[in-house]
Structures are given as structure tokens and as C-alpha cells.
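These notes concern the structure reproduced below.
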Amino acid sequence: MRTMKSREITNPHPCPVYKKCGGCQLQNMRYSEQLAFKQNKVNRYLKKFAKPLPIIGMDVPYHYRNKVQAAFYTNRRGKIISGVYQSGSHHVVGVDSCMIEDKTADKIITAVRKMMPSFKMTTYNEDTRRGFLRHILVKRGFATGQVMLVLVTGTHIFPSKNNFVKAIREKFPEITTIVQNINPYQTNLVLGDRQQILYGNGTIEDVLCGCRFRISPKSFYQINPVQTEVLYGKAIEFAGLKGDETVLDAYCGIGTIGIIAAKRGAGRVIGVELNGDAVRDAIQNAKTNELKNIRFYKGDAGEFMRAAASESEAPDVVLMDPPRAGSSRVFLDSLIKMAPKTVVYVSCNPETLARDLQYLTEHSSYRAKKIQPVDMFPHTNHIETVVLIS
Ligand code: SAH
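Under my numbering, the first residue of the sequence shown carries the number 156, and numbering increases by one thereafter.
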């Protein structure tokens, strides 16, 4: 890949902190050029399996992120800064408004920063391991308008808790839940293990493809809901459901794809996911959407597949959506053994997708039939792809 320095600036309005922040690697290019760049990359990695379809871009590629995180830091002059870590470092670059983040989320973060001194809230210092606020995480359901505010703190002690909750809710009535997450560890992970709910029920809801979903602070939920509907629409189309199939939703998160498949007529859906909070959300989501023909299991998708492959009742369709590292050998070997008619692979990393497709095509008669890139992350170099394999 080209480095940032060598890239020509052809976007007349790049963000002022585009280079320091590093989050939007492609912001030097116009959006049409970004799409061409991503199409080229997909073609390079995947054309040997099938000719990739044209990438589906966004009509309005701004403020699409429904989940926003900010790090907090006090500089030498005692000024509190909130923003993002400079790429590859632990230096916080101040950011009050970002072109890809939800505007309400940015306003809440800035408001909290300004309120901190009057509530005697300090920032956490990673070196001395003293102080209070480390990060803020805001999640907003674009369809429901519900907002979750998570304060990540180095300690559980929060003396001005009640007054703070009252004050921030007065400023932002759209906040439906506030959670304090305690993270006292020396870690790059934003969220710690313990949390306490300060207001509301600790979750928000959103609506995607006509289904309602509950989201917890720690569960994975796609960050661009507009394009997620496009992506899931393609995944369901590729699954080619007629009405009585058994569908396995592997790496299912809070159950989104499987629940939408069940609503669109799948006979039976089974979901598997490693994160316990996400599985709990998935079970609740099946109930909310009044689905009885769906079961969720907590566990490693590969191990689940290994066990399922030796049972007689194999699924007709496997939908798989692994994290960036891709799938595992155990998973792919079991998939081959299970031999579902159709596999739909949703990937957020063309490199590991190519590796897994290579393995599948070398070790079985599975072939990629359709490759559809979708731009879920405009201005960044991330690429989402959905592949029909049969
Ligand atoms: N399909 C969901 C989630 C996709 S993200 C959606 O569209 O929202 C990938 C998910 O895989 C995450 O929820 C992550 O917790 C889960 N995961 C990661 N490793 C896993 C493993 N080995 N087995 C099962 N799930 C895993």
C-alpha cells in the first residue's frame, strides 16, 4: 500500500486532523476515487475466485458511525483534551467534531469534557494509574434515536454520579441509558470487565431490515447502519431462502443476520457466538422479534461446527461473518464435511477472505459464485465483502 505522504491530495476538503488522527486513511481522495481504490484492491485479492461486482458506495458518506469513542487526557497546562489516539501512539489528538462520526455523539462527548471540572471529574493517567475518566463511548440507534453513554473509568468511585447523570440528561434528553464501565487495567482495550448502570436499562435498541435489536455496551453491532441494510440485503439474497431451510449463522454477534433470515422465512436458524453479552442480546432479540424457530449458542464457531458436522441434521445454508482474522481451519474443515448447499461469507478483510477461499477451493468443490463489495467504512481503508459460495 502507498504511504499517506506519497498520496496525492485530490479531495479539496480533507479534515484538518486527517494526517495526525490516521483514522480516515483515504480522505485525501474524492469519494469516487476511494471507491475505485477499494474496487481495485478487491479485484486484486479476489478476482481469481470470481469477477467481483461493482462496489456499492454510500449516497452521503459522512457522519455514518453510530458508535463513537473518545480518549481523555489532561495536558501540561491542565487543559482537558478529548479525541482520538494519534495513529500508532498513545498521544491524544483533540477532536470535537469528526466527518464520519454521529453528530449527536460528538456533541455529548464535548459537553461531558466541558462539564468535568464542575463535577470534579479528573482524567485517568495511564502512567501514574491515577485519575478518573479514561474514555467515553457513545452508541446511537439511528432508527430509534436511543442513545447510550458509557463512561470508562479507572476506578469505581464516582462521587458526583447522581448530579452528573441529572445534568447530562438535562442537556441531552435523547440519552436513554448511562453506564459506568470500570477499567483499571494496563491495556489497549477500551472496556473493562465490570460495569454499573447509572441510568436506564444498560442497553439501547435499533431497527435494521424491519427487525428490532437490543445492543449492550460490549456487544458487536455494525457501525454503519445505512450500509448494513445493503450488506444484509445482499447476504439474504445470496442465501436464496425458499422457506424451509435450516440456516446456521456463525459469528452471529447479537443475532442480526440470523434473525433477519428467520423473518424472511428460514425454517430454522441456529446462531453461534463467542461473546456472552452478545449471545444474551441475541436471545432477547429473537423474543422481541417473536421468533420461535431460532436458537443461539455461546462458543467458538469452529468447535461448534466440528460438533455439528458429526450430527446428522446438517444446515442447508451457512452464513458466516468472522472478525478480521478470518475463519479457522477447524471451521473450514467442518464446513466441508457438513457440505451445506450454500455458504454466504461476509468479510471485513479481503486478505483473510482470499486465504479462506483459497483453502476452501483447494480442499473441496466449493466455488465462489458472486463477490459483492459494499463500502461500509467511507474514507477509511476498510473493505466489506459478501461472497456467495456453492
Ligand atoms: N454477524 C454479526 C457479527 C459480526 S462481527 C453482525 O453482523 O453484527 C464478528 C463476531 O464474531 C463478533 O461478534 C465476535 O464476538 C465474534 N467472534 C470472534 N471470534 C469468534 C469465534 N472464534 N467464535 C465465535 N464467534 C466469534
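Every residue, glycine too, gets a C-beta built ideally from N, C-alpha and C.
All values reported here derive from a predicted model rather than from experimental measurement.
Option in 193, 216 and 247 with minimal Cα separation from residue 172: Numbered from its first residue, the sequence shown carries residue 172 at position 17. With respect to the C-alpha of residue 172, the residue from 193, 216 and 247 having the closest C-alpha is 247.
Cross-strand partners of residue 213 (DSSP beta bridge): On the sequence shown, residue 213 is found 58 positions in, with the first residue counted as 1. BP columns for residue 213 are empty, so no partner.
Other residues of its chain near residue 452: CB distance less than 8 Å, five sequence neighbours each side excluded: Here residue 452 refers to the residue found at position 297 of the sequence shown. Cβ neighbours of residue 452 beyond the five flanking positions: 425, 426, 427, 428, 434 and 459.
DSSP bridge partner residues for residue 354 (one or two, in chain order): As a working mapping, residue 354 is identified with position 199 in the sequence shown. Answer by DSSP bridge pairing, in chain order: 333.
Alpha helix (DSSP H) segments (min. 4 residues) lying fully within the stretch 402–437: Runs found: 411–418.
Collapsed DSSP secondary structure at residue 183 in the structure displayed: Within the sequence shown, residue 183 is the residue found at index 28, counting from 1. If DSSP states are grouped into helix, strand and coil, residue 183 belongs with coil.
Residue 529 versus residue 318: straight-line alpha-carbon distance, rounded: Residue numbering aside, residue 529 sits at position 374 when the sequence shown is read from its first letter. Residue numbering aside, residue 318 sits at position 163 when the sequence shown is read from its first letter. Taking the Cα positions, residue 529 is about 44 Å away from residue 318.
For residue 175 and residue 159, the rounded distance between their alpha carbons: By one-based count along the sequence shown, residue 159 stands at place 4. By one-based count along the sequence shown, residue 175 stands at place 20. Summary for residue 159: the model assigns pLDDT 47, below 50, so the residue's position carries little reliability, and this model does not support an answer.
Exposure label - residue 263; buried when at least 16 CB within 10 Å: Start at 1 with the first residue of the sequence shown, and residue 263 comes out as number 108. Looking at its Cβ environment, which holds 16 or more other Cβ atoms inside 10 Å, residue 263 is buried.
Every unbroken alpha helix (DSSP H) within the stretch 447–472, with a cutoff of 4 residues, ordered by chain: Here the runs fully enclosed are 456–464.
Distance, residue 440 Cα to residue 421 Cα: The residue you call residue 421 lines up with position 266 of the sequence shown. The residue you call residue 440 lines up with position 285 of the sequence shown. Rounded to the nearest whole angstrom, the C-alpha separation of residue 421 and residue 440 is 16 Å.
Cβ neighbour criterion (16 or more within 10 Å) applied to residue 527: Mapped onto the sequence shown, residue 527 falls at position 372. Within a 10 Å sphere around the beta-carbon of residue 527 sit 16 or more other beta-carbons, which makes this residue buried.
First through last residue of the alpha helix (DSSP H) which encompasses residue 552: For residue 552 there is no data in the structure shown, the boundaries of the chain being 156 and 545.
Three or more C-beta pairs below 8 Å linking the stretch 374–381 and the stretch 217–225: Yes, the stretch 374–381 is in contact with the stretch 217–225.
Run of the beta strand (DSSP E) containing residue 501, from where it starts to where it stops: Your numbering for residue 501 matches position 346 in the sequence shown. Residue 501 -> beta strand (DSSP E) spans 497–502.
Residue 552 and residue 523 closer than 9 Å at C-beta: Lying before the first or after the last residue shown, residue 552 is absent from the chain, which here runs from 156 to 545.
Residue of 406, 465 and 496 minimising C-alpha distance to residue 455: Numbered from 1 along the sequence shown, position 300 holds the residue referred to as residue 455. Minimum Cα-Cα distance from residue 455 among the listed residues 406, 465 and 496 corresponds to 406.
Beta-carbon proximity list for residue 189, same chain, < 6 Å, skipping 5 on both sides: If you number the sequence shown from 1, residue 189 lands on position 34. So the list reads 181, once near-sequence residues are dropped.
Heavy atom of ligand 1 within 8 Å of residue 374 beta-carbon: For the purposes of this step, residue 374 is identified with residue 219 of the sequence shown, where counting begins at 1. Flag set: Cβ of residue 374 near ligand 1.
Check: residue 428 C-beta below 8 Å from any heavy atom of ligand 1: Position 273 of the sequence shown, counted from the first residue, corresponds to residue 428. Result yes, Cβ under 8 Å from ligand 1.
Residue 307 CB to nearest heavy atom of ligand 3 below 8 Å: You won't find ligand 3 in this model; what it holds is ligand 1.
Inter-residue CB distance, residue 514 and residue 490 (contact presumed, cutoff 8 Å): As a first step, residue 514 is located in the sequence shown; it is residue number 359 there, counting from the start. As a first step, residue 490 is located in the sequence shown; it is residue number 335 there, counting from the start. Actually they are not in contact, since the Cβ atoms of residue 514 and residue 490 sit about 10 Å apart, beyond 8 Å.
Buried versus exposed, by CB contacts within 10 Å (16 or more), residue 312: Numbered from its first residue, the sequence shown carries residue 312 at position 157. Burial call: exposed.
Same chain, Cβ closer than 6 Å to residue 227, five either side skipped, listed in chain order: On the sequence shown, position 72 is the one that residue 227 refers to. For residue 227, same chain residues with a beta-carbon under 6 Å away, outside a window of 5 residues either side, are 237, 278 and 288 in chain order.
Segment limits, alpha helix (DSSP H) that includes residue 485: Locating residue 485 in the sequence shown gives position 330, where the first residue counts as 1. According to the DSSP assignment, residue 485 belongs to the alpha helix (DSSP H) that extends over 484–493.
Rounded separation between residue 521 and residue 193 - CA only: Start at 1 with the first residue of the sequence shown, and residue 521 comes out as number 366. Start at 1 with the first residue of the sequence shown, and residue 193 comes out as number 38. In this model, residue 521 and residue 193 are separated by some 26 Å (Cα to Cα).
Cβ distance (whole Å) where residue 323 is taken to contact residue 304 below 8 Å: By 1-based counting over the sequence shown, the position of residue 323 is 168. By 1-based counting over the sequence shown, the position of residue 304 is 149. Their Cβ separation, rounded to whole angstroms, is 7 Å, which keeps residue 323 and residue 304 in contact under 8 Å.
Classification of residue 285 by the beta-carbon crowding that lies within 10 angstroms, buried from 16 upward: The residue labelled residue 285 in the question sits at position 130 within the sequence shown. Exposed.
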